[in-house]
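First the structure, in the form of C-alpha cells, and then the observations on it.
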Amino acid sequence: MSKMTLAAMLCLVALSLSLVVVGQEPGEDFVKAHNAVREKKGERPMFWDEELEEHAKAYLQTKVETCEMVHSTDSPYGENLATSNGDLTAEGAVAAWAAEEKFYDHKTNKCVGGECRHYVQLVWNATFLVGCATVKCRNNWTLIGCNYSPAGNVVGEDPY
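Read in order, the letters of the sequence shown correspond to residues -23 to -1, 1 to 137 in mature numbering (1 follows the signal peptide of the UniProt record, and there is no 0).
Right under this line is the structure:
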C-alpha cells in the first residue's frame, strides 16, 4: 500500500470518527426550534423526552396511509401536527405553528380569525417536555407530530 493511499484512508477514518462525535442528539432540531420561539416569549426551555417521541411515532404510523392531519383523541399529552406535500423539517413545522401567533389575541386569550392552538401549545409556560416524530406518507407527503408534557391549551388559562 502506498503512503498516499494510507494517508487517504487515515483521513477518511478520522473524518468518520469526527462525524460521530459531532452528531446530533435525537430530537435536537425540534428542541432548538421550539426553544428559539419560546425564548422570544421569555418561556423556559423544553427538553427532549423519548416517551413522548415514541407516543408520537406510534400515532403517526396510524396516519401513513392517508396523511390526514387529525389530532389524537385519547392522548394525555398536548399535540401539534404539521403536514407538507414534500419534505418538512423540524424548523419548518415549528415555524408554521409559531406563525399562528398572528391569530392569538393576547388581551382576550382567544384565537381570532384563524387557528392559533398550535402556537399556544408551543409557548405554553407549564410545558417543558417535547417528543416528536416524522413519517413519510404513502402519498409522498410528510407528517410531523410533537407531543408535549404537561399538556397545554387549557381553556381559559393564559399560556404565558
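All C-beta atoms, glycine included, are put in the ideal place defined by N, C-alpha and C.
Close-in-space but distant-in-sequence residues of the same chain around residue i (CB under 6 Å, 5 per side omitted)
i	result
F7	A67 and C109
V131	none
H48	E56
H32	N124
E78	Y96
T50	none
Cut-off 7 Å between Cβ atoms - residues of its own chain near residue i, not counting five sequence neighbours on either side
i	result
K34	A110
P136	V97, V100, W101, N102 and G129
R115	V41 and E42
DSSP three-state assignment for residue i, whether helix, strand or coil
i	result
Y54	coil
D82	strand
K40	coil
G108	strand
N124	strand
K87	strand
H48	coil
N12	helix
residue 185	Nothing in the structure corresponds to residue 185, since the chain is present only between -23 and 137.
G(-1)	Low confidence applies to G(-1): its pLDDT is 47, below 50, so where it sits in the model is not reliable enough to give any reading.
K17	helix
E92	coil
Beta-carbon proximity list for residue i, same chain, < 8 Å, skipping 5 on both sides
i	result
R15	R21, P22, M23, L99 and V100
G90	F80
G69	A59 and S61
Top-ranked residue by Cα proximity to residue i, from the options
i	options	result
V41	V112, Y137, D135 and G133	V112
L29	C44, G63, T43 and P3	P3
A13	W74, E31, R94 and S49	W74
D64	H95, W118, E56 and V47	W118
K9	Q38, V71, H95 and G133	V71
N124	L58, G91 and E5	L58
G133	D51, R94 and F105	R94
P127	L120, G69 and S52	S52
N62	W25, D26 and E45	E45
E92	V107, A76 and F105	A76
T104	T39, W25 and E5	W25
For residue i: DSSP bridge partner residues
i	result
T119	S61 and K113
F7	The partner list for F7 (beta bridge, DSSP) is empty, contrary to what the question assumes.
W74	W74 pairs with nothing; no bridge assigned.
W25	V107
Interface flag, residue i vs chain B, CB-CB below 7 Å
i	result
E5	Among the chains in the structure shown there is no chain B, since it carries only a single protein chain.
Counting Cβ pairs closer than 8 Å, one from the region 21 to 35 and one from the region 78 to 94, do we hit at least three? no
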